[in-house]
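Novice: Sequence order for the protein chains is A and B.
The opening residue of the first sequence carries number 127 in my numbering; numbering runs sequentially from there.
The opening residue of the second sequence carries number 127 in my numbering; numbering runs sequentially from there.
Protein chains: 2
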Amino acid sequence: MATLREVAALAGVSTSMVSRVLNDAPDTRATDETRQRIRDAAVQLGYRANFAARALKNSRTHVIGVVLPDLANPIYIDLLDAVEEEAARQGYLTLLARAEGLLTNPDAIPRLVHEGRVDGVIVQASDGLSPDALTSLTGGSTPAVFVNSSHPRESGSVLLDDAAGGRVAAEHLWGLGHRDIAFAGGLPGSENSARRLEGFSAALQGLGGSLPEHRISRRGFAVEQGAAAVADLLAAGIPPTAIAVANVNAAFGVLTELRSRGVAVPDDMSVIAIHEAPGAQHTWPPLTTIEMPLGALGAAAVTALRGLIEAGTVSDTVVSSPAPRLHERESTRPPNPHAPARANV
Amino acid sequence: MATLREVAALAGVSTSMVSRVLNDAPDTRATDETRQRIRDAAVQLGYRANFAARALKNSRTHVIGVVLPDLANPIYIDLLDAVEEEAARQGYLTLLARAEGLLTNPDAIPRLVHEGRVDGVIVQASDGLSPDALTSLTGGSTPAVFVNSSHPRESGSVLLDDAAGGRVAAEHLWGLGHRDIAFAGGLPGSENSARRLEGFSAALQGLGGSLPEHRISRRGFAVEQGAAAVADLLAAGIPPTAIAVANVNAAFGVLTELRSRGVAVPDDMSVIAIHEAPGAQHTWPPLTTIEMPLGALGAAAVTALRGLIEAGTVSDTVVSSPAPRLHERESTRPPNPHAPARANV
DNA sequence: CTGAAAGCGCTTACAG
DNA sequence: CTGAAAGCGCTTACAG
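#1: Among B:Ile400, B:Arg161, B:Ala128, which residue has its Cα nearest to the Cα of B:Val144?
#2: Using a Cβ distance threshold of 8 Å, determine whether the segment 236–243 of chain A contacts the segment 282–294 of chain A, with at least three qualifying pairs required.
#3: Spatial neighbours of B:Ala290 within its chain, please: CB distance less than 8 Å, with the 5 preceding and 5 following residues excluded, ordered by chain position.
#4: Take A:Leu299 and list the residues in its own chain whose beta-carbon comes closer than 8 Å to its own, dropping the five residues that flank it on each side.
#5: If you measure from the beta carbon of A:His101 to each beta carbon in chain B, is any gap under 9 Å?
#6: Going along the chain, which unbroken runs of the beta strand (DSSP E) with 3 or more residues stay wholly within the segment 404–463 of chain A?
#7: Which residues of chain A have a Cβ atom closer than 7 Å to the Cβ of B:Thr129, listed in chain order?
#8: In chain B, what lies closer than 8 Å to A:Asn176 by C-beta?
#9: Are the C-beta atoms of A:His453 and some chain B residue less than 9 Å apart?
#10: Excluding the 5 residues preceding and the 5 following B:Ala353 in the sequence, name in chain order all residues of the same chain whose CB lies nearer than 8 Å to its CB.
#11: Checking 9 Å against the spacing of the C-beta atoms, do A:Val294 and A:Val249 come in under that value?
#12: Assuming A:Thr264 is part of the alpha helix (DSSP H), what are its boundary residues?
#13: Is the Cβ of A:Glu210 closer than 9 Å to any Cβ of chain B?
#14: Beta-carbon within less than 6 Å of B:Gly311's beta-carbon, same chain only, minus the 5 sequence neighbours each way: which residues are those?
#15: If contact is defined by three or more beta carbon pairs under 8 Å, each pair taking one atom from either stretch, is the segment 180–194 of chain B in contact with the segment 213–225 of chain B?
#16: Can you name, in chain order, every residue of its own chain whose Cβ lies under 7 Å from the Cβ of A:Gly335, other than the five neighbours on each side?
#17: Unbroken beta strand (DSSP E) runs of length 3 or more, entirely within the segment 278–346 of chain A: which are they?
#18: Please report the distance separating the alpha-carbon of B:Ala167 from that of B:Val133.
#19: Quick check on B:Phe272: does DSSP put it in helix, strand or coil?
#20: Is A:Val192 close to chain B? Criterion is C-beta to C-beta, closer than 9 Å.
#21: Just reading off the beta strand (DSSP E) that B:Thr220 is part of, what are its end residues?
#22: Pick from A:Val139, A:Asn462, A:Leu330, A:Leu420: whose alpha carbon is nearest that of A:Asp393?
#23: What residues match up with A:Gly363 in a beta bridge as DSSP calls it?
#24: Output the boundary residues of the alpha helix (DSSP H) element that contains B:Gly242.
#25: Please report the distance separating the alpha-carbon of B:Asp253 from that of B:Ala181.
#26: What does the alpha-carbon distance come out to for the pair B:Val471 and B:Ala361?
#27: Rounded to the nearest angstrom, what separates B:Lys183 and B:Ala208 at their Cα positions?
#28: Is the beta carbon of A:Glu317 closer than 9 Å to that of A:Ser275?
#29: Hey, A:Leu420 and A:Val271 are a contact pair by Cβ (cut 8 Å); roughly how many whole angstroms apart?
#30: Whose Cβ in chain B lies nearer than 9 Å to the Cβ of A:Ile207?
#31: Use the C-beta contact count for A:Ala357: other C-beta atoms within 10 angstroms, 16 or more gives buried, fewer gives exposed.
#32: Which residues in chain A sit within 8 Å of B:Leu221, going by Cβ to Cβ distance?
#33: Does A:Pro460 have its Cβ less than 9 Å from a Cβ in chain B?
#34: My output table needs one value for A:Gly246: the three-state DSSP class, helix, strand or coil.
#35: Is it buried or exposed, A:Arg215, if we count other Cβ atoms within 10 angstroms and call 16 or more buried?
#36: Short of 7 Å in beta carbon distance, which residues of its chain neighbour B:Leu171, apart from the five on each side in sequence? Order them along the chain.
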């Protein structure tokens, strides 16, 4: 691990010169010959600027922290992947921060910044967190961008176009001929879910249909919560012919619960989910999904965070491009008028 | 962001004292009263030791890098999760490094260390990499622990007890009554797969069975490669009554391909896979898997890396506890003598 | 029991 | 065109 000093010695110049030349500092007027000598010396010694020294001097690490509730959720992984990739493109490294400690210890996120470990953080908050909890997460002064969740005023925010996702789901089901459709949403407090529901319901109305309250369940985005939603939705009366699930993980639970109740998908009931996940192709039947632009979301988050870090600019972005994309698989089909559940009505 | 100096000023002592007290330095004999004054001042100012300054002084960052081929593979995510958790427990933070850049740019991993960004790296290499490629990955002098893959001499290694995984698969299938079993393995160069196959084959022999060469396919661990394995294995003659797949991702492909060929699982054929994955419960039929101790693997990797960093101790570990654990689901069942494929023999 | 001083490896006004 | 010097915020011998 050669130092600047050693490079300078080898090149026969001052450390100042080496620093300037190697960093392409503006208005550095060094002879081409000098530049070359410096470059050669650096290469010869395998010189790498020490990160800590640089960070100390510049008060900037070029590292961003990514705070995720957990790694089990494929949605978060896609986000993490996109963030890491875009960060790398923009010259930043990615530090992984688990939310577990962060939720029990409200000081954890600010500390990352106060210790100078990261220049800022991108946080995907858990769905249930209150606005107050979110505010206390970053302690106000931390450069933070909240992704896909509600957020404090001082922080940036990057959101999916959830309503558009809901709309695509409604249009697909309607186009297939479904007229009695249910919606399995996130928890009552979830703004993501509320927006998806809104887009879904509005689209249905625009098409001449409607989404009555008893066709709505708000159990949450997790697998077991999807199962609970099925219980709600099939509780009494005529079952719907299709269920739109606000999250692909919940949809896994929906599929399993439906099967265990003897409801055949898609013969008796169609199922569509918002968000794509690797597992969706391997369920039985393979799940029709609406892929949301998580890659673009992650990239937008990185860009927003840089704006906050470098210019103090807080921005709120809705990522609407690329548009939500339908993956039509085998869990959706035109409604079957002879489906057992409806046949005996 | 208060500095040591400010804390010292507020407490009315020297910065030396503050540093010593706050770090609980050995043989620091400060009055209890002084200690308290210092602590109070630190709290009052919200003091956090600057990470860069500390790293510069100590030549140690307490950050480890995790190098993963990609984030799409749930196995790697489990590993990442475990590493992050154990690292946190041991006082280390986790920097995520993508292998994409690392494979095209052989200098990338050593650079992380040479720049002083991380103290060492844990790398999960791609399955196909040659030993030479692995060696050049770390350039020899980088503290590195290779996980679940072959590795250069100077680096530590932490391996799963792959043979045990193969054995559990063989025993389960044999116990169910299967006598004609196939094995869908990783690529020919994969040491992981070779060990699983070895354990599998040896167990079968111990039980009085055998695994003839034509019942072995070596197409790889990926989904599509599992599909290719099915093609191999069903190519001609009597099909086996069960397939053990060396990797759960490939097993997804096996399931899909079997279905598309009209082979019913588990009626016509049983399928079992090594490694557990969230998706395995949601396939149809739900996939019987053998969960390998990835959590313990990740933790062992962190511990091995610390040994390398702090004591220069290179260690090779095989993680055999907890033992591979069978998740019996619906893709395995006793062989059906009337299965169509065999009935017409 | 406590402090002054050097130094980790950089960057950047300032001076020439 | 180039260098000497200060300083980023710590830690740790060394001295008293």
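Glycine included, C-beta positions come from ideal geometry on N, C-alpha and C.
Specialist: Once the coordinates are examined:
#1: Out of B:Ile400, B:Arg161, B:Ala128, B:Arg161 has the C-alpha closest to the C-alpha of B:Val144.
#2: No, the segment 236–243 of chain A is not in contact with the segment 282–294 of chain A.
#3: Gly325, Ser446, Ala449, Pro450
#4: Correct list, in chain order: Ile307, Ala368, Ala370, Ser396, Ile398, Thr458.
#5: Since the first residue shown for chain A is 127 and the last is 471, residue 101 of chain A is missing from the structure and cannot be characterised.
#6: 414–417, 442–445, 451–453
#7: Simply none; closest approach about 11 Å.
#8: Residues of chain B passing the Cβ test: Leu182, Glu241, Gly242.
#9: Not an interface residue.
#10: Gly379, Val380, Thr382, Glu383
#11: no
#12: 257–264
#13: It does: the Cβ of A:Glu210 has a partner Cβ on chain B nearer than 9 Å.
#14: Ser319, Leu323, Arg344, Ala372
#15: yes
#16: Closer than 7 Å at the Cβ level, and outside the excluded window around A:Gly335, lie Trp300, Arg305.
#17: Correct list: 282–286, 307–311, 342–344.
#18: B:Ala167 and B:Val133: Cα-Cα distance of roughly 6 Å.
#19: strand
#20: yes
#21: 219–224
#22: A:Asn462
#23: Paired residues: none, contrary to the question.
#24: Segment: none, B:Gly242 is in no alpha helix (DSSP H) and carries neither H nor E.
#25: 34 Å
#26: Note on B:Val471: pLDDT 40, under 50, position unreliable in the model; the coordinate value appears next. For B:Val471 and B:Ala361, the distance between alpha carbons rounds to 15 Å.
#27: 30 Å
#28: yes
#29: Their Cβ separation, rounded to whole angstroms, is 15 Å, which puts A:Leu420 and A:Val271 out of contact at 8 Å.
#30: Before going on, a small fix: residue 207 of chain A reads as Asp here, not Ile. By Cβ distance, chain B contributes Asp196, Leu197, Ala198, Arg224.
#31: exposed
#32: Val189, Leu219, Thr220, Leu221, Leu222
#33: Not an interface residue.
#34: strand
#35: exposed
#36: Ala128, Glu132, Val133, Leu136
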